[in-house]
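Trainee: What follows is a single structure, and I will ask about it in a moment.
There are 2 protein chains.
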Amino acid sequence: MPREKAPDKRRTPKAPEERIRARNESAILRAAVELFARKGFDGTRITEIAEASGLPKANVYYYFETKEAIYATLIERLLQGWDKALEHIRADREPREAITAYIAAKLDYSRRHATESRFFANEILRGGGFLSRVQRRHMREITHERVEVVEGWVREGKLRPVDPRHFFMMMWATTQFYADFAEVAAMTVGKAKLGIADFNEAQDAIVSTILQGCLPCPASSAVEVS
Amino acid sequence: MPREKAPDKRRTPKAPEERIRARNESAILRAAVELFARKGFDGTRITEIAEASGLPKANVYYYFETKEAIYATLIERLLQGWDKALEHIRADREPREAITAYIAAKLDYSRRHATESRFFANEILRGGGFLSRVQRRHMREITHERVEVVEGWVREGKLRPVDPRHFFMMMWATTQFYADFAEVAAMTVGKAKLGIADFNEAQDAIVSTILQGCLPCPASSAVEVS
DNA sequence: GTCTATAGGAGGATAGAC
DNA sequence: GTCTATCCTCCTATAGAC
Numbered sequence: 001m002p003r004e005k006a007p008d009k010r011r012t013p014k015a016p017e018e019r020i021r022a023r024n025e026s027a028i029l030r031a032a033v034e035l036f037a038r039k040g041f042d043g044t045r046i047t048e049i050a051e052a053s054g055l056p057k058a059n060v061y062y063y064f065e066t067k068e069a070i071y072a073t074l075i076e077r078l079l080q081g082w083d084k085a086l087e088h089i090r091a092d093r094e095p096r097e098a099i100t101a102y103i104a105a106k107l108d109y110s111r112r113h114a115t116e117s118r119f120f121a122n123e124i125l126r127g128g129g130f131l132s133r134v135q136r137r138h139m140r141e142i143t144h145e146r147v148e149v150v151e152g153w154v155r156e157g158k159l160r161p162v163d164p165r166h167f168f169m170m171m172w173a174t175t176q177f178y179a180d181f182a183e184v185a186a187m188t189v190g191k192a193k194l195g196i197a198d199f200n201e202a203q204d205a206i207v208s209t210i211l212q213g214c215l216p217c218p219a220s221s222a223v224e225v226s
Numbered sequence: 001m002p003r004e005k006a007p008d009k010r011r012t013p014k015a016p017e018e019r020i021r022a023r024n025e026s027a028i029l030r031a032a033v034e035l036f037a038r039k040g041f042d043g044t045r046i047t048e049i050a051e052a053s054g055l056p057k058a059n060v061y062y063y064f065e066t067k068e069a070i071y072a073t074l075i076e077r078l079l080q081g082w083d084k085a086l087e088h089i090r091a092d093r094e095p096r097e098a099i100t101a102y103i104a105a106k107l108d109y110s111r112r113h114a115t116e117s118r119f120f121a122n123e124i125l126r127g128g129g130f131l132s133r134v135q136r137r138h139m140r141e142i143t144h145e146r147v148e149v150v151e152g153w154v155r156e157g158k159l160r161p162v163d164p165r166h167f168f169m170m171m172w173a174t175t176q177f178y179a180d181f182a183e184v185a186a187m188t189v190g191k192a193k194l195g196i197a198d199f200n201e202a203q204d205a206i207v208s209t210i211l212q213g214c215l216p217c218p219a220s221s222a223v224e225v226s
């Protein structure tokens, strides 16, 4: 059983230099996403990223060739998680459950990944020019798939005849708001900062309004299900 | 007949220098709001504003002391129009009409003043640090007034018992989306750019879903009123 | 009111010692 | 892998001629 190459310690997944690299890269990206979210690409200085990640500026350049490279890495990363919440919208689920789960998942994302959400919002405000054609295409396709699911529900009479694309955007916009416009949301609920209780209240309000708004009326008499 | 001072021409409302000033200031502000909306405060260069407004850079400094001054002027201007759409939410109106009018007005604003909307969105993403205490206070109060109107409707049983603050934000977020995330919205409806037809479709979808979602169920059988 | 010129400083990026 | 020193560009802002 003994082998001449590395005894058996396949446990340590990486060499020490690799670990340093991983740690520093992640520190840079964490700092960068925050800054890009607040000040945009052009407004963010490499010096700021360096300071916020606790590294000298030259080290940032050691790990990432340019500012664009940092930004592109973050965009790529973001889009990898893009499909997550959408997966709840599946044709084989009942609209009520699927929609409830989707809204809950998106609100949860807004709460726990507010910075990433704002980073993306900033990129869209910028005009989305950093999104590659491939990435745009991916977004379009993934969205369209889910719109078709909603269309199916409408055809089957499981949903009132509402334009699926705009219905979809309603859920999207509403949940995103709590991340991107957190200051406004906090102001509206009358607090300095949103807490988990506020997100729960938001979820109740959104889910109940949307469900009532899109489910066919006959079923709506049983709306206050547990 | 030569007279030394201008004879009787009180017609021109302003002296010629005043007119030049008005024209140039407005050109600067128009260019600036566009750039600030896309790239944020830190990301926007005075040079760009000068180029976009067709003026030499030094002239921009002649009309506005600093970049902050331009930004502050735009913020102030924006907040003056802040209350407009909210005025539809009045206690003496029926919820159905008030909500319909509010959504229509906000969507109309999103369509016709998308840049201003995006400028504001950018400021919020920035953290809202350019809003003065007075301005924040104004926003808080004006919002709270309208939330109270919705609360009143709920108490009177004219609306289902939904948290008025979150209900309010739903309308806000949904309508704002079509300005701030116009690229995403266009992608979702499958076009290169949103047209007026898309806004009309959006309005139908949002109004019908929201009304159905918030009006008490008994009344909802008559939902397809003219 | 307009515009050229420039001061004074900050930013992105790199070279090269350690 | 780390960091100092530095190049060069570009920016905000101002001075002052026209």
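Chain order of the listed sequences is A and B.
full-length UniProt numbering applies: residue 1 is where the first sequence begins, and numbers increase by one.
full-length UniProt numbering applies: residue 1 is where the second sequence begins, and numbers increase by one.
Virtual Cβ for every residue (Gly too), placed ideally from N, Cα, C.
Owing to the predicted nature of the structure, the values given are computational and were not obtained by experimental measurement.
Cα separation between K9 (chain B) and Q176 (chain A)?
Mentor: Only weak support exists for where K9 (chain B) lies, its pLDDT of 40 falling under 50; the value from the coordinates is given anyway. If you take the alpha carbons of K9 (chain B) and Q176 (chain A), they lie about 57 Å apart.
Trainee: Say whether chain A places a C-beta atom closer than 8 Å to the C-beta of N122 (chain B).
Mentor: So yes, N122 (chain B) belongs to the interface.
Trainee: Using a Cβ-Cβ cut-off of 8 Å, state whether S110 (chain A) counts as contacting chain B.
Mentor: Not closer than 8 Å to any Cβ of chain B, the Cβ of S110 (chain A) fails to qualify, so no.
Trainee: Excluding the 5 residues flanking L86 (chain B) on each side, which residues of the same chain have their C-beta closer than 7 Å to its C-beta?
Mentor: Hits under 7 Å: I142 and R146.
Trainee: Just the Cα atoms here: how many angstroms apart are W153 (chain A) and A104 (chain A)?
Mentor: Rounded to whole angstroms, W153 (chain A) to A104 (chain A) spans 20 Å at the Cα level.
Trainee: Of all the CB atoms in chain A, is at least one closer than 8 Å to the CB of R30 (chain B)?
Mentor: No, its Cβ sits nowhere closer than 8 Å to a Cβ of chain A.
Trainee: Pull up the distance between the alpha-carbon of A182 (chain B) and that of E18 (chain A), whole angstroms please.
Mentor: Approximately 42 Å, taken between the alpha carbons.
Trainee: Label residue 261 (chain A) either buried or exposed according to how many other C-beta atoms from any shown protein chain fall within 10 Å of its C-beta, with 16 as the threshold for buried.
Mentor: The structure shown has nothing for residue 261 (chain A), since chain A only spans 1 to 226.
Trainee: Under a three-way DSSP split, which group does D163 (chain A) fall into?
Mentor: Reduced to three states, the DSSP call for D163 (chain A) is coil.
Trainee: For the alpha helix (DSSP H) containing I89 (chain B), name the first residue and the last one.
Mentor: Here I89 (chain B) belongs to no alpha helix (DSSP H), and DSSP marks it neither H nor E.
Trainee: Can you find at least 3 beta carbon pairs, one from the segment 21 to 32 of chain B and one from the segment 52 to 72 of chain B, that sit closer than 8 Å?
Mentor: Counting Cβ pairs under 8 Å, three or more are found: they touch.
Trainee: Which word fits Q212 (chain A), buried or exposed, when buried means at least 16 other C-beta atoms lie within 10 angstroms of its C-beta?
Mentor: So Q212 (chain A) ends up on the buried side.
Trainee: If I follow the unbroken alpha helix (DSSP H) through E151 (chain A), where does it start and stop?
Mentor: R133 to R155 is the extent of the alpha helix (DSSP H) around E151 (chain A).
Trainee: Looking at C-alpha atoms only, which residue of A:E25, A:I20, A:I70 and A:R21 is the closest neighbour of F36 (chain A)?
Mentor: F36 (chain A) has its Cα closest to that of A:I70, out of A:E25, A:I20, A:I70 and A:R21.
Trainee: Do H144 (chain B) and A205 (chain A) count as a contact pair if the criterion is CB distance below 8 Å?
Mentor: No. Outside cutoff.
Trainee: With a 10 Å radius around its C-beta and 16 neighbouring C-beta atoms as the bar for buried, classify E4 (chain A) as buried or exposed.
Mentor: With a pLDDT of 40 at E4 (chain A), under the threshold of 50, the modelled position of that residue is not reliable, and no figure is offered here.
Trainee: The alpha helix (DSSP H) that contains E94 (chain A), what's its start and end?
Mentor: No alpha helix (DSSP H) holds E94 (chain A); DSSP gives it neither H nor E.
Trainee: What residues in its chain sit with their C-beta under 7 Å from that of residue 241 (chain B), if we drop five residues either side in the sequence?
Mentor: As shown, chain B starts at 1 and ends at 226. That puts residue 241 (chain B) outside it, with no answer to give.
Trainee: Looking only at C-alpha atoms, which of A:K191, A:A173, A:F120 and A:M139 sits nearest to A72 (chain A)?
Mentor: Out of A:K191, A:A173, A:F120 and A:M139, A:F120 has the C-alpha closest to the C-alpha of A72 (chain A).
Trainee: What is the DSSP secondary structure of R118 (chain A), counted as helix, strand or coil?
Mentor: R118 (chain A) falls in the helix class under three-state DSSP.
Trainee: For V149 (chain A), count neighbouring C-beta atoms within 10 Å of its own C-beta (all shown protein chains included) and say buried if the count is 16 or more, exposed if not.
Mentor: With 16 or more Cβ atoms within 10 Å of its Cβ, V149 (chain A) is classed as buried.
Trainee: Report, in whole angstroms, the separation of the C-beta atoms of R160 (chain B) and L215 (chain B), which I expect to be a contact under 8 Å.
Mentor: Contact holds; Cβ gap of about 7 Å.
Trainee: Short of 6 Å in beta carbon distance, which residues of its chain neighbour A219 (chain B), apart from the five on each side in sequence? Order them along the chain.
Mentor: Since pLDDT at A219 (chain B) reaches only 47, below the 50 mark, its modelled position is unreliable, and the value read off the structure follows with that caveat. Contacts found: none.
Trainee: Grab the span of the alpha helix (DSSP H) containing R77 (chain A) for me, first residue to last.
Mentor: From DSSP, the alpha helix (DSSP H) with R77 (chain A) extends over K67 to Q80.
Trainee: When the Cα atoms are used, what is the spatial distance from S226 (chain A) to T209 (chain A)?
Mentor: With a pLDDT of only 42 at S226 (chain A), under the threshold of 50, the placement of this residue in the model should not be trusted; the figure read from the coordinates follows. Going by the C-alpha atoms only, they are around 16 Å apart.
Trainee: Could you check the C-alpha separation between R93 (chain B) and G157 (chain B) for me, to the nearest Å?
Mentor: Going by the C-alpha atoms only, they are around 14 Å apart.
Trainee: Which residues, in chain order, does the segment 36 to 57 of chain B contribute to contact with chain A at a C-beta distance below 8 Å?
Mentor: Residues A37, R38, K39, G40, F41, D42, G43 and T44.
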